[in-house]
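Undergrad: Got a structure here, written out as structure tokens. Questions coming.
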Amino acid sequence: MILGASTFVEGVDNAFIFILAIAFFFLITITGTMIFFIWRYNKKRNPQPTQIKDSVSLEITWTVIPLILVLGMFYYGYVGWIPMKKPPEEGIVVTANARMWSFNFRYENGRISDKLYVPKDTAIIVNLNALDVLHSFYIPAFRLKEDMVPGLANNRTWFEATKTGTYTIFCAEYCGLQHSYMISEVVVMEPDDFWAWYDDPDAMVMEIPDDANLALLGRQIVERNGCIACHSLDGRTLVGPTFAGRFGETITVITGGQQREIVYDEEYVKRSIYDPDYDITEGFRPGQMLSYQDEITEDEIDLIIEFLKSLNE
Ligand SMILES: [Cu+2]
């Protein structure tokens, strides 16, 4: 069978296979009948055409049979769909935030992750949050897809994974230039492993060994948060200005409608991340970059700065 790892798989696959089998049956039968008629009733073999008019029994047959088939499709579709629309009362609640062009997941204890970690055989209730434009939360292995709509309150979905492993999460709603890069993963773990991960007290503080390559750590943060979807590292202009060769330069920004010169320093980078619309880099539009206030810590910003500096070398 096609890889599947949630309680929805059976319902969706049944509907799919039922419809596919019917379509396949008719493809073969209709094509076969057409070929037979071409052979049997061609001008040579059947020179005298017959005019056939009205057949009540035929009309009834080709109304009733498709009706039954279509009701069968409805039945399988409906039975598969109902459980998706009924999230259980109890479960682990995760908030999925989608932005151009990345996902992140926030747990009830405040833990944030760019991958969705979940325990096996447990209901996971996912609050779907779109920060900018329409996105869609799609996990093919779970047969789960739900639109993420900016401003739509109480938009949620749920699932229960049945097999440990790592499965892809896609954004299934074209959401701009780098939409195809908007992928993540759901990692299904044994419940014990999950709770160990969840309660890990070290997870929130970042341990930096003495000999760590700070620029490399900064690069990882930049990659993990999807910054490079909008900021190139090689001088190209994407949605936002490039990161390359900018640190330490004097640049022109628009602040409160006024043009001014400013040094691209630590302070500027931090403000750009927490309050992106305060200074708008000349030539770019406000409202494109959203604040990372709740997602990137000041320590992480220090590492990002190390990384930006390293791009000048
Ligand atoms: Cu998207």
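Residue numbering for the sequence shown follows our numbering, beginning at 60 and increasing consecutively.
Here a beta-carbon is modelled for each residue, glycine too, at the ideal position from N, C-alpha and C.
Keep in mind that this is a model prediction, so the values were computed, not measured.
For residue 182, which beta-bridge partners are listed by DSSP?
TA: Looking up residue 182 in the sequence shown gives position 123. In the DSSP output, where bridge partners are listed per residue, residue 182 has 219.
Undergrad: Please specify which runs of the beta strand (DSSP E), each continuous and at least 3 residues long, are wholly inside the segment 237-321, giving them in chain order.
TA: The segment 237-321 contains these whole beta strand (DSSP E) runs: 242-248, 309-314.
Undergrad: Rounded to the nearest angstrom, what separates residue 60 and residue 68 at their Cα positions?
TA: Counting from one through the sequence shown, the residue named residue 60 turns up at place 1. Counting from one through the sequence shown, the residue named residue 68 turns up at place 9. Residue placement at residue 60 is flagged as unreliable, the pLDDT there being 43, under the threshold of 50; the coordinate-derived value follows with that caveat. Whole-angstrom Cα-Cα distance: 11 Å.
Undergrad: Could you check if residue 289 belongs to the surroundings of ligand 1, using beta carbon to heavy atom distance under 6 Å?
TA: Counted from its first residue, the sequence shown places residue 289 at position 230. No; taking the cut-off as 6 Å, the Cβ of residue 289 has no heavy atom of ligand 1 nearer than that.
Undergrad: When you compare the segment 209-219 with the segment 68-86, are there three or more beta-carbon pairs, one atom per stretch, that lie closer than 8 Å?
TA: Flag = no, the segment 209-219 and the segment 68-86 do not touch.
Undergrad: Within the continuous beta strand (DSSP E) that includes residue 206, where are the two ends?
TA: Position 147 of the sequence shown, counted from the start, is the residue given in the question as residue 206. Start and end: 203-207.
Undergrad: Taking 6 Å as the cut-off, is the C-beta of residue 241 nearer than that to any heavy atom in ligand 1?
TA: By one-based count along the sequence shown, residue 241 stands at place 182. For ligand 1, at least one heavy atom lies less than 6 Å from the Cβ of residue 241.
Undergrad: So, residue 187 versus residue 155, is the Cβ gap smaller than 7 Å?
TA: Counting from one through the sequence shown, the residue named residue 187 turns up at place 128. Counting from one through the sequence shown, the residue named residue 155 turns up at place 96. The answer is yes: Cβ separation under 7 Å.
Undergrad: Am I right that residue 191 and residue 241 are in contact with their C-beta atoms under 8 Å? What's the rounded C-beta distance?
TA: As a first step, residue 191 must be located in the sequence shown, where it is residue number 132. As a first step, residue 241 must be located in the sequence shown, where it is residue number 182. Residue 191 to residue 241, Cβ: 12 Å. No contact.
Undergrad: Give the secondary structure of residue 88 by DSSP, where H, G and I count as helix, E and B as strand, and everything else as coil.
TA: Here the question's residue 88 lines up with position 29 in the sequence shown. Residue 88 falls in the helix class under three-state DSSP.
Undergrad: How long is the line joining the alpha carbons of residue 365 and residue 182, rounded to whole angstroms?
TA: Counting from one through the sequence shown, the residue named residue 365 turns up at place 306. Counting from one through the sequence shown, the residue named residue 182 turns up at place 123. Those two C-alpha atoms are separated by around 41 Å.
Undergrad: Would you grab the beta carbon distance between residue 370 and residue 304 for me? Rounded to a whole angstrom, and I think it's under 8 Å.
TA: Here residue 370 is taken as the residue at index 311 of the sequence shown, counted from 1. Here residue 304 is taken as the residue at index 245 of the sequence shown, counted from 1. Confirmed, Cβ separation roughly 6 Å.
Undergrad: Can you list, in chain order, the residues of its chain with a C-beta nearer than 7 Å to that of residue 298? Leave out the 5 residues immediately preceding and following it.
TA: Indexing the sequence shown from 1 puts residue 298 at position 239. The residues are 236, 289, 347.
Undergrad: Helix, strand or coil: which one does DSSP assign to residue 355?
TA: Here residue 355 corresponds to residue number 296 of the sequence shown, with the count starting at 1. DSSP places residue 355 in coil when its eight states are reduced to three.
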